[in-house]
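Q:
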Amino acid sequence: MSAAATTIVNEVPPQAGPRAFLRRLRGGDEIAHLITLIFAAGIILLTSMLVYELWVNSHLSRAKFGWIFFFTKVWDPNFDNFGAAPFIYGTLVTSAVALVIAVPLGLASAIFLSELAPRKVSDVVSFLIDLLAAVPSVIYGLLGIFIVVPVMRTRIGPALIHTVGNVPYVGALFRGPNYGVGFLTAGIVLAIMVVPFIISVSREVLLTVPREQREAAMALGATRWESTWKVVVPWARTGIMGSVFLALARALGETMAVTMVIGNAPTIAASLLSPGDTIASVIASQFTEATGDLYLSSLIELGLVLFLITFILNGLARILIVATERGGGRPA
Amino acid sequence: MTDPRIMWRRALNFVMLTLTGIAALGVVSVLFFILGYLIWNGGKSLSWNFFTQLPKPVGETGGGMANAIVGSLKLLMLAALMGLPVGLLAGVYLAEFGGKTFSFVVRYTTDLLNGVPSIVIGIFAYSLAVLPVKHFSALAGGVALGMMVIPITVRSTEEFLKAVPGSLREGAMALGASKWKTIVTVVLPAAKAGILTGMLLALARVAGETAPLLFTALGNRFWSPGFEQPTASLPVMIYSYAIAPYDDWHRQAWAAGLVLLGLVLVANLGARLLLNRGGAVRSV
Amino acid sequence: MRKSLLIVSLALGLSALALAQGGTILLNAAGATFPYPIYSKWFDVYHNGHPNVQINYQPIGSGGGIRQLQAGTVDFGASDFPLSDDILAQSKFKILHFPTVLGAVVPTYNISGVSGELNFTQKALAGIYLGTITKWDDSEIAKANGGVKLPNADIVVIHRSEGSGTTYIWTDFLAKVSDEWKNKVGKAAISVNWPAGLGGKGNEGVTGLVKQTPNSIGYIELIYAVQNNIPYGKVQNAAGNFVKADLAGVTAAAGADAKNIPDDFRVSITNPAGPKVYPISSFTWLLIAEQIQDATKREAIKDFLKWMLTEGQKYNEGLSYAQLPKDVIAKETQAISLIK
Chain A
3 MSAAATTIVN EVPPQAGPRA FLRRLRGGDE IAHLITLIFA AGIILLTSML VYELWVNSHL
63 SRAKFGWIFF FTKVWDPNFD NFGAAPFIYG TLVTSAVALV IAVPLGLASA IFLSELAPRK
123 VSDVVSFLID LLAAVPSVIY GLLGIFIVVP VMRTRIGPAL IHTVGNVPYV GALFRGPNYG
183 VGFLTAGIVL AIMVVPFIIS VSREVLLTVP REQREAAMAL GATRWESTWK VVVPWARTGI
243 MGSVFLALAR ALGETMAVTM VIGNAPTIAA SLLSPGDTIA SVIASQFTEA TGDLYLSSLI
303 ELGLVLFLIT FILNGLARIL IVATERGGGR PA
Chain B
112 MTDPRIMWRR ALNFVMLTLT GIAALGVVSV LFFILGYLIW NGGKSLSWNF FTQLPKPVGE
172 TGGGMANAIV GSLKLLMLAA LMGLPVGLLA GVYLAEFGGK TFSFVVRYTT DLLNGVPSIV
232 IGIFAYSLAV LPVKHFSALA GGVALGMMVI PITVRSTEEF LKAVPGSLRE GAMALGASKW
292 KTIVTVVLPA AKAGILTGML LALARVAGET APLLFTALGN RFWSPGFEQP TASLPVMIYS
352 YAIAPYDDWH RQAWAAGLVL LGLVLVANLG ARLLLNRGGA VRSV
Chain C
230 MRKSLLIVSL ALGLSALALA QGGTILLNAA GATFPYPIYS KWFDVYHNGH PNVQINYQPI
290 GSGGGIRQLQ AGTVDFGASD FPLSDDILAQ SKFKILHFPT VLGAVVPTYN ISGVSGELNF
350 TQKALAGIYL GTITKWDDSE IAKANGGVKL PNADIVVIHR SEGSGTTYIW TDFLAKVSDE
410 WKNKVGKAAI SVNWPAGLGG KGNEGVTGLV KQTPNSIGYI ELIYAVQNNI PYGKVQNAAG
470 NFVKADLAGV TAAAGADAKN IPDDFRVSIT NPAGPKVYPI SSFTWLLIAE QIQDATKREA
530 IKDFLKWMLT EGQKYNEGLS YAQLPKDVIA KETQAISLIK
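Protein chains in written order, with our numbering: chain A, 3 to 334; chain B, 112 to 395; chain C, 230 to 569.
So this is what it looks like as structure tokens:
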């Protein structure tokens, strides 16, 4: 009985009206409440201002191009003709490549760390991987330029062109001049950057799967792998999906590492070895010197697009991860 | 016993489990390789000049990044001053005072802010802190980084405050303390380790941010006095030097990368040690 | 206890840094990367001679210099692109151009097996950048380079990723010598819709990419090729001669225009007549507002300009930029008084 209700000693019964409000203010509690409220509201204000600024400052290009902006392939500052298509394409392609590489690697590692490795090893490795997540983007860019790009250009690129490049249909992904920079290189660097997120969240989620599930599978004669893959992982499915969305959101907004290895050419090409550009990368390259209001407005509109995409993805990720934690991971 | 199906399943079991081990090994190797390469290359390039000299004119060797190091520290301090109090107080609100719907809106908005790509924050900071006063400045850079510090701080503050056991609060109130007094003298100190960890991690995160600084703090070849002038910073210098052709600049970029990575890793390690000592377990 | 002491001392230290600016005149400038080597040298030397003046120049490209000057976030800008009439008309305040040096844009390349100088005809350069000439052993390139073994490799075209005055000079040249370029891509501009190739950021970025990418070609200011020991080719001028970029060729290109330079100093000197001219030469300018409110800044800028026209010019040739012709210097010295 007594544990349930905690009475607050100094509470004054709330009354309406400004004079009552001022009277209440004399109590330290109300001031504390007010101050912290103001700061909390400040965050709402700040974020609203951000969205507002993005909206207002992209007015020119929104008015001029409308929806066609998303489909125009041309980015021509000379003739004031701007289109988002190459950058949306580049953003999606590099993120897709990053996920294709990072999700299997990340999930496999998470499975290893949660199911097979001894707890101590798992904790240490997990700690190290969390450190990997803290490495700043520009350092990945540095490593990208001096390690990944030359390796792509001298070994991996030619190898891909000569092997997979000759396969019908799929081969179109690996054609053409081999620069070292391009979609694939950016995708690889992004993959290295997001794999820690996938591992970290997936491992945690896998660890929450109740032991009974595994034991039940084993009791039915499943091998370790079968129990993991067919019972445990599906149980944690939504949380793992959440980690993938989180990784995707991170990859989409990544600027520096990408702009240093993607080639900065607004092109849409089938080949992954082709140079390209992403939304974040082009804003970083051209923002400070966008002469002309329409030019600047188009760049800001790109920023707005990126913001909306990451907003939706983050929202989905949150829902998925929370659903897993709350529902105990019941398969949907 | 020699049922081929069982043999197949056992083989598959072995292969797949080995693959997961290889994957984990691969990922960890990448980490070690990154760190190792950076330490080796960066260590080779560290010199007294690097820490004490200003950048030299293009093409001349012997310059350093003294102003960038100080600049980064200055930016971090500004980000801390502007972002940490907001994050802390908002976190206190959410954990201690919040009503249901308003708290939901605040949390949602904070998550939103956290997910905004750093380049977009840069755009916003440019229109907020550069255009109106008509100059680039360390202050504008601090505003951009401060905005990024807020969400991380809010979330960790709220979490660790909530983790403080109710018995502590009740004990204080039973002794006659008002709510705010309880918070300040009992709850906050109890959650101290976790909150400080969150702040440290937030600062470590923004220390390496480059994109928002490109249009706010810009850059400076000289010392940047005060807060109203553009300032050099380690991440931006790494970027500029890495894409340039000069070998001497490349060496400096490696050295700067090592220094930056060192700063970030030390902060992260320190944060986790703090956390473990403070007794809280949850990772941020 | 110790923590608060640390915080206090940090705060004191940093506020000391903050106050340390008493008496120093701080100017911020931004713009072209074309003259960045000489500008960084100048501002360094000028600071040594005038310790209370600090001019912080950020090479963000000519487009950046123009934009930030118009936004008022820098004290002056720098551009290799002389502002067009409509830009000047749209500008909220009057902008003056002050030439600083003469430079050359050279085609630099990194071709496996080729270490010497290549000759580039006008058609070759236009074709490469249009994407119509794709291999190094194309006849248009080979026919001008008799003895050289060119590989049958794809040409990696490298251009600028951002708004660049160097691009303006390069496309100015291409538009003059190739109708196909003018029709397909347009007239000279700081930023175009490139038919082919990769983008590098700044002259530095392009140089870096060329250096690292085999079989590539890029256009950069002469000093970047010299400082980085990468080969650059001879370009065919209007008279049909292949000329390598050097001080003589660049000065010759400015030659006739120097005497008749317009009052606002805006002029293009690409592809002029003359047997020995280097056809891709250009002035580069500082963009300064006619009206500068802050008196100390105004005087500092004017003082720097005077220094630049006298002392500064002595450093040009060491960095492969040609000095301004005497007529231009004389006219410019008078123009300084226009800044109020």
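Quick reminder that beta carbons are idealized off the backbone N, C-alpha and C, glycines included.
1. Taking only runs of the beta strand (DSSP E) that begin and end inside the region 35-89 of chain A, which ones reach a length of at least 3 residues, in chain order?
2. I want to verify the contact list: residues of chain C whose CB lies under 8 Å from the CB of Ala292 of chain A, in sequence order.
3. Rounded to whole angstroms, what is the Cα-Cα separation between Asn124 of chain B and Pro115 of chain B?
4. So for Ser111 of chain A, helix, strand or coil by DSSP?
5. Kindly indicate if chain C contains any beta-carbon less than 8 Å away from that of Asn59 of chain A.
6. Which same chain residues, not among the five before or five after Thr269 of chain A, have their C-beta less than 8 Å away from its C-beta?
7. Pair every Cβ in the region 214-232 of chain A with every Cβ in the region 286-299 of chain A, then say whether three or more of these pairs are closer than 8 Å.
8. With C-beta atoms as the reference, is Lys526 of chain C less than 8 Å away from Leu312 of chain C?
9. Could you tell me which whole alpha helix (DSSP H) segments of length 4 or greater appear in the region 193-231 of chain A?
10. Given a limit of 9 Å on CB to CB distance, which residues of the region 60-84 of chain A reach chain C?
11. Taking the straight line between their C-alpha atoms, what separation do you get for Thr49 of chain A and Asn225 of chain B?
12. What is the DSSP secondary structure of Gly582 of chain C, reduced to helix, strand or coil?
13. Determine whether the beta carbon atoms of Lys531 of chain C and Ile490 of chain C lie at a separation below 8 Å.
14. Check distances from the C-beta atoms of the region 243-267 of chain A to those of chain C and list, in chain order, the residues that come in under 7 Å.
15. Based on Cα-Cα distance, which residue from B:Ser344, B:Ser229, B:Gly194 and B:Gly175 lies nearest to Leu157 of chain B?
16. Between Ala221 of chain A and chain B, is any beta-carbon pair separated by less than 8 Å?
17. Who are the near neighbours of Ile281 of chain A in its chain, counting only those whose CB is closer than 6 Å to its CB and skipping five residues on each side?
18. Quick one: using the 10 Å Cβ neighbour count with 16 as the cut-off for buried, is Lys323 of chain C buried or exposed?
19. For chain A, find out if any of its Cβ atoms is closer than 8 Å to the Cβ of Trp159 of chain B; answer yes or no.
20. Which residue marks the beginning of the alpha helix (DSSP H) containing Asn277 of chain C, and which one marks its end?
21. Within 10 angstroms of its Cβ, does Val324 of chain A collect 16 or more other Cβ (buried), or is it exposed?
22. State yes or no: is the C-beta of Phe305 of chain C within less than 8 Å of the C-beta of Leu515 of chain C?
23. Let me check understanding here. Comparing Cα to Cα, which of B:Lys211, B:Tyr204 and B:Met193 lies closest to Val254 of chain B?
24. Taking Asn422 of chain C as the query, report the chain A residues whose CB atoms sit under 9 Å from its CB, ordered along the chain.
25. Compare the C-beta of Asn168 of chain A against all C-beta atoms of chain B and say whether one is closer than 8 Å.
26. Residues in its own chain within less than 6 Å of Arg495 of chain C by CB, not counting five upstream and five downstream?
27. Taking only the alpha-carbon atoms, compute the straight-line gap between Met118 of chain B and Gly132 of chain B and give it to the nearest angstrom.
28. On the criterion of 16 or more Cβ atoms from any shown chain inside 10 Å, does Val216 of chain B qualify as buried, or is it exposed?
29. Verify whether the separation of the beta carbon atoms of Ala382 of chain C and Asn444 of chain C is less than 8 Å.
30. For chain C, is any of its Cβ atoms less than 8 Å away from the one on Gly182 of chain B?
31. Is the region 129-141 of chain A in contact with the region 198-212 of chain A, if contact means three or more CB pairs nearer than 8 Å?
32. To the nearest angstrom, how far is the alpha carbon of Ser278 of chain B from that of Ala301 of chain B?
33. Ala177 of chain B and Thr257 of chain A look like a contact to me (Cβ under 8 Å); what is the Cβ gap, rounded to whole Å?
34. Looking only at DSSP bridge pairs, what is Ser208 of chain C linked to?
35. List, in order along the chain, the chain B residues whose C-beta lies closer than 9 Å to that of Asn257 of chain C?
36. For chain C, find out if any of its Cβ atoms is closer than 8 Å to the Cβ of Leu386 of chain B; answer yes or no.
A: In short, the structure shows the following:
1. none
2. Position 290 of the first sequence, counted from the start, is the residue given in the question as residue 292 of chain A. Residues of chain C passing the Cβ test: Gly292, Arg296 and Gly392.
3. Position 13 of the second sequence, counted from the start, is the residue given in the question as residue 124 of chain B. Position 4 of the second sequence, counted from the start, is the residue given in the question as residue 115 of chain B. Using only the alpha carbons, I get a separation of about 14 Å.
4. As a first step, residue 111 of chain A is located in the first sequence; it is residue number 109 there, counting from the start. Helix, per DSSP.
5. Position 57 of the first sequence, counted from the start, is the residue given in the question as residue 59 of chain A. So, not an interface residue.
6. Locating residue 269 of chain A in the first sequence gives position 267, where the first residue counts as 1. Here the set comprises Pro88, Ser276, Pro277, Gly278 and Asp279.
7. no
8. As a working mapping, residue 526 of chain C is identified with position 297 in the third sequence. As a working mapping, residue 312 of chain C is identified with position 83 in the third sequence. No; because the gap between Cβ atoms is not below 8 Å, this pair is not in contact.
9. The qualifying runs are 213-221 and 226-229.
10. Val76, Trp77, Asp78, Pro79, Asn80, Phe81 and Asn83
11. Stepping through the first sequence from its first residue, residue 49 of chain A is reached at position 47. Stepping through the second sequence from its first residue, residue 225 of chain B is reached at position 114. Whole-angstrom Cα-Cα distance: 10 Å.
12. Because chain C is modelled from 230 through 569, residue 582 of chain C falls outside the range shown and cannot be assessed.
13. Your numbering for residue 531 of chain C matches position 302 in the third sequence. Your numbering for residue 490 of chain C matches position 261 in the third sequence. In this structure, Ile490 of chain C does not lie closer than 8 Å to Lys531 of chain C by Cβ.
14. Listed by position, the residues of the region 243-267 of chain A near chain C (Cβ gap below 7 Å) are Gly265, Asn266 and Ala267.
15. Within the second sequence, the letter at position 46 stands for residue 157 of chain B. The shortest Cα separation from Leu157 of chain B among B:Ser344, B:Ser229, B:Gly194 and B:Gly175 belongs to B:Gly175.
16. Locating residue 221 of chain A in the first sequence gives position 219, where the first residue counts as 1. So no, Ala221 of chain A is outside the interface.
17. Working through the first sequence from its first residue, we reach residue 281 of chain A at position 279. These residues qualify, in order along the chain: Phe89, Thr93, Leu304 and Leu308.
18. For this step, residue 323 of chain C is matched to residue 94 along the third sequence. Lys323 of chain C comes out exposed.
19. Walking along the second sequence from the start, residue 159 of chain B turns up at place 48. False, the Cβ-Cβ gap to chain A never drops below 8 Å.
20. Stepping through the third sequence from its first residue, residue 277 of chain C is reached at position 48. Start and end: Tyr265 to Gly278.
21. On the first sequence, residue 324 of chain A is found 322 positions in, with the first residue counted as 1. Label assigned to Val324 of chain A: exposed.
22. Locating residue 305 of chain C in the third sequence gives position 76, counting from the first residue. Locating residue 515 of chain C in the third sequence gives position 286, counting from the first residue. Contact flag set, yes.
23. In the second sequence, counting from the first residue as 1, residue 254 of chain B sits at position 143. Nearest of B:Lys211, B:Tyr204 and B:Met193 to Val254 of chain B, Cα basis: B:Met193.
24. Indexing the third sequence from 1 puts residue 422 of chain C at position 193. Those are Val76, Trp77, Asp78, Pro79, Asn80, Phe81, Asn83 and Pro268, listed as they occur along chain A.
25. Counting from 1 along the first sequence, the entry for residue 168 of chain A is found at position 166. Chain B contact via Cβ: absent.
26. Residue 495 of chain C sits at position 266 when you count from the first residue of the third sequence. Hits under 6 Å: Pro311 and His326.
27. As a first step, residue 118 of chain B must be located in the second sequence, where it is residue number 7. As a first step, residue 132 of chain B must be located in the second sequence, where it is residue number 21. Using only the alpha carbons, I get a separation of about 21 Å.
28. In the second sequence, residue 216 of chain B corresponds to position 105, counting from 1. Exposed is the call here.
29. Residue 382 of chain C sits at position 153 when you count from the first residue of the third sequence. Residue 444 of chain C sits at position 215 when you count from the first residue of the third sequence. Going by C-beta atoms, Ala382 of chain C is nearer than 8 Å to Asn444 of chain C.
30. Mapped onto the second sequence, residue 182 of chain B falls at position 71. Proximity of Gly182 of chain B to chain C, defined by a Cβ-Cβ separation below 8 Å, is not satisfied.
31. yes
32. Here the question's residue 278 of chain B lines up with position 167 in the second sequence. Here the question's residue 301 of chain B lines up with position 190 in the second sequence. So the alpha carbons of these two residues sit roughly 12 Å apart.
33. The count along the second sequence starts at 1 and reaches residue 177 of chain B at position 66. The count along the first sequence starts at 1 and reaches residue 257 of chain A at position 255. Wrong, their Cβ atoms sit about 27 Å apart, outside the cutoff.
34. One cannot answer for residue 208 of chain C here, as it falls past the ends of chain C, which runs 230 to 569.
35. Counting from 1 along the third sequence, the entry for residue 257 of chain C is found at position 28. Ordered by position in chain B, the residues that pass the 9 Å Cβ test against Asn257 of chain C are His246, Phe247, Leu329, Asn331, Gln340 and Pro341.
36. Start at 1 with the first residue of the second sequence, and residue 386 of chain B comes out as number 275. Not one chain C Cβ lies under 8 Å of Leu386 of chain B.
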